[in-house]
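Colleague: Each residue of the sequence shown is one higher than the one before, starting from 125 at the first, in this note's numbering. Even glycine gets a Cβ: it sits at the ideal position worked out from N, Cα and C. Bear in mind the structure is a predicted one, so any value in this text is a computation, not a measurement. Structure in structure tokens, see below.
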Amino acid sequence: EIESLNRKQTATETATATAKLNRTKHLANKFLDSNGTITFMSFITVYALYGDDVRIIAFQPNVDIVFLALSAVASAFFLVEISLLCWCKQGYLRRPDLTAIQDVCSIYAWKKRKSTLEWLSNLWNVLQ
């Protein structure tokens, strides 16, 4: 009888923990999909793309450490965002399709590439 009570209590605790985890995932997902987060990450992306160019064009070398710190912070934000997305969204992080990689690396594919290069080489010789 004590064992069956322990099983029921464990099942109840597991269900409660699962419900809390699902609620936390839902809240994190809502946060990631909010307009504010998307706008903020868009600004971080623009900085990541153009910040170094702006630093080189408009600033003296003595402020490089500031830009290095900003880049580290931007990388941390990207890491947190990707980690949360992988945790929250079902199917966000999928295994790669290895059959496509096998097709690219197969002997037949290399033969096709070789014959195409030979054809282009012959075409080049004819055109000269």
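So, Leu156 versus Leu208, is the Cβ gap smaller than 9 Å?
Modeller: yes
Colleague: Just to confirm before moving on: does the CB-CB distance between Gly253 and Ser199 stay below 9 Å?
Modeller: Any answer about residue 253 is impossible in this case: the structure gives the chain only from 125 up to 252.
Colleague: Between the Cα of Phe201 and the Cα atoms of Thr142, Ile168, Glu242, Ser158, which residue gives the shortest distance?
Modeller: Phe201 has its Cα closest to that of Ile168, out of Thr142, Ile168, Glu242, Ser158.
Colleague: Kindly indicate which three-state DSSP category Tyr174 falls into: helix, strand or coil?
Modeller: Here Tyr174 sits in helix by DSSP.
Colleague: Contact check, Cys212 vs Ala152 under 8 Å by CB: the rounded distance?
Modeller: 5 Å
Colleague: Does DSSP put Asp227 in a helix, in a strand, or in coil?
Modeller: Three-state DSSP puts Asp227 in a helix.
Colleague: Measuring only from the beta carbon, is Ile231 closer than 8 Å to any heavy atom that is part of the ligand SAM?
Modeller: In terms of ligand content, the structure shown is empty, and the ligand SAM therefore cannot be addressed.
Colleague: In this structure, does DSSP put Gly160 in helix, strand or coil?
Modeller: helix
Colleague: Could you spell out the range, first to last residue, of the alpha helix (DSSP H) harbouring Val204?
Modeller: 188–212
Colleague: Once DSSP output is grouped into helix, strand and coil, what is the label at Arg179?
Modeller: helix
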